[in-house]
Amino acid sequence: MISTALNISLGMISLSMILIILRVLRGPSLADRVTALDILMTTGIGFIAIYSIYSNNDIFIDVAVILALIAFVGTIAFSYFINRENR
Amino acid sequence: MRSLILNTALRFIAPIMFLFSFFLLVRGHNNPGGGFIAGLVAAAAITLYTLSSGVSYGRRLLQIDARLLTGSGLLLALISGIPAITSGQSFMTGLWLEKTIIVIGKLGTPILFDAGVFMVVLGITSNIIFELMEHN
Chain G
670 MISTALNISL GMISLSMILI ILRVLRGPSL ADRVTALDIL MTTGIGFIAI
720 YSIYSNNDIF IDVAVILALI AFVGTIAFSY FINRENR
Chain U
658 MRSLILNTAL RFIAPIMFLF SFFLLVRGHN NPGGGFIAGL VAAAAITLYT
708 LSSGVSYGRR LLQIDARLLT GSGLLLALIS GIPAITSGQS FMTGLWLEKT
758 IIVIGKLGTP ILFDAGVFMV VLGITSNIIF ELMEHN
C-alpha cells in the first residue's frame, strides 16, 4: 500500500521537476528563473524526504533539513542583487 | 537591503541554523556531518545577517576578524595531531578520552580537528561574502 503511494508521489515530484526545469529554461525574466530555481530546491527537499521513507534510512532526513536551511540563502542573495541592479 | 520580512524571519531562522550547525559539528564522527558542513551552515546564517543588515553588522556578529578565524582554525587542526605523536603513535591518530560528556559524547582529538575545519570554513566563506559585498 505505502509503496504504491511512494511510487506515485515520486513520479509526481519528478514530473513537477521537469516542468520547473522547463520554466527555468524558458522564463521570460530573471525573476521567473530565480523563483523556479527556489521551487526546484523545495521539490528536491520533498524528493529526499520521500526517498528516505522509500529506502528506510533516516539519515536522508538530515540532508533535507540542511537543504531547507541553505536553499533560500541563494534566493535571497539573488533578490538582493536584482534589487541593487534596478536602482 | 532593508526588508521587514527577512528581518523578522531571520529572528527565528538564524538561531535554528546556528543550533543545527553545532549539532552537525558534534555528531560528525559516526553519522553524516562534521566540521565542513557545520561551517557552511553557520556561514549561511552569517550571510543572511550580512545581506539583511550590511557588512559592518556581519563583521560585528562574527566577533573576530575572518582571516584570523581561518588561521587559528588551521592551527587548531594542526595541534589536534600532536597528542598522538607524544604518545608514540603516528601523526593524527585519533585519541579518545574514556569519560563521556552529556550532549557532546566522547571527547578526543578528532573533535578538535573538526572544530578547526569548522573555523576554517566559517572564516573563508564569510570572508568571501564580506569582500564581495564591499567590493561593489
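Listed in order, the protein sequences are those of chains G and U. Numbering of the first sequence is given in the working numbering, commencing with residue 670 and proceeding in unit increments. Numbering of the second sequence is given in the working numbering, commencing with residue 658 and proceeding in unit increments. Glycine included, C-beta positions come from ideal geometry on N, C-alpha and C. In this text, all values refer to a predicted model and were calculated from it rather than measured experimentally.
| query | result |
| --- | --- |
| Taking a Cβ distance cut-off of 8 Å, strictly less, list which residues of the region 671 to 695 of chain U are near chain G, in chain order. | I673, M674, F677, L681, N688, P689, G690, I694 |
| Would you please state the rounded distance, in angstroms, between the beta carbons of I745/G and L663/U? I believe it to be under 8 Å. | 7 Å |
| Between the C-alpha atoms of L731/U and S672/G, what's the straight-line distance to the nearest angstrom? | 48 Å |
| Taking its Cβ as the centre, do 16 or more other Cβ atoms sit within 10 Å of D771/U, making it buried, or is it exposed? | buried |
| Report back the beta-carbon spacing between I714/G and A733/G to the nearest angstrom; my notes put them in contact at under 8 Å. | 5 Å |
| Taking 6 Å as the limit between beta carbons, can you name the residues of its chain near T704/U, skipping five residues before and five after? | I786 |
| Whose C-alpha, out of V683/U, G780/U, Y714/U, L718/U, is nearest the C-alpha of T766/U? | V683/U |
| Measure the CB-CB distance between V774/U and G692/U and report whether it falls below 8 Å. | yes |
| Kindly indicate the opening and closing residues of the beta strand (DSSP E) around L764/U. | 762 to 765 |
| Between Y706/U and L667/U, is the Cβ-Cβ spacing less than 8 Å? | yes |
| In this structure, does DSSP put L752/U in helix, strand or coil? | coil |
| Going straight from the alpha carbon of G728/U to that of V777/U, what length do you get? | 7 Å |
| Please name the residue or residues paired with T757/U in a DSSP beta bridge. | K763/U |
| Could you give the residue range of the alpha helix (DSSP H) that holds D727/G? | No alpha helix (DSSP H) holds D727/G; DSSP gives it neither H nor E. |
| What distance in whole Å lies between the Cβ atoms of I730/G and I694/U, which are believed to be in contact at a cut-off of 8 Å? | Going by Cβ atoms, the distance from I694/U to I730/G rounds to 15 Å, so no, they are not a contact pair. |
| Give me, in chain order, the residues of the same chain whose beta-carbon lies closer than 6 Å to that of I717/G; leave out the 5 immediate sequence neighbours on both sides. | F729, V732, A733 |
| According to DSSP, is M710/G part of a helix, a strand, or is it coil? | helix |
| Is I771/G near I739/G, with beta carbons less than 8 Å apart? | In the structure as shown, chain G begins at 670 and stops at 756. Residue 771/G is therefore absent and cannot be evaluated. |
| Would you mind giving the Cβ-Cβ distance between L699/U and L752/U, rounded to the nearest angstrom? I have them listed as a contact below 8 Å. | Before going further, note that residue 699/U is Ala rather than Leu in the sequence given. Actually they do not touch by this definition, with Cβ atoms about 26 Å apart. |
| Which word fits A702/U, buried or exposed, when buried means at least 16 other C-beta atoms lie within 10 angstroms of its C-beta? | buried |
| So which residues on chain U does V742/G lean against when the C-beta distance must stay under 7 Å? | A701, T704, L705 |
| Taking the CB atoms as reference points, tell me whether L699/G and I751/G lie closer together than 8 Å. | yes |
| What residue range does the alpha helix (DSSP H) around M686/G cover? | 671 to 695 |
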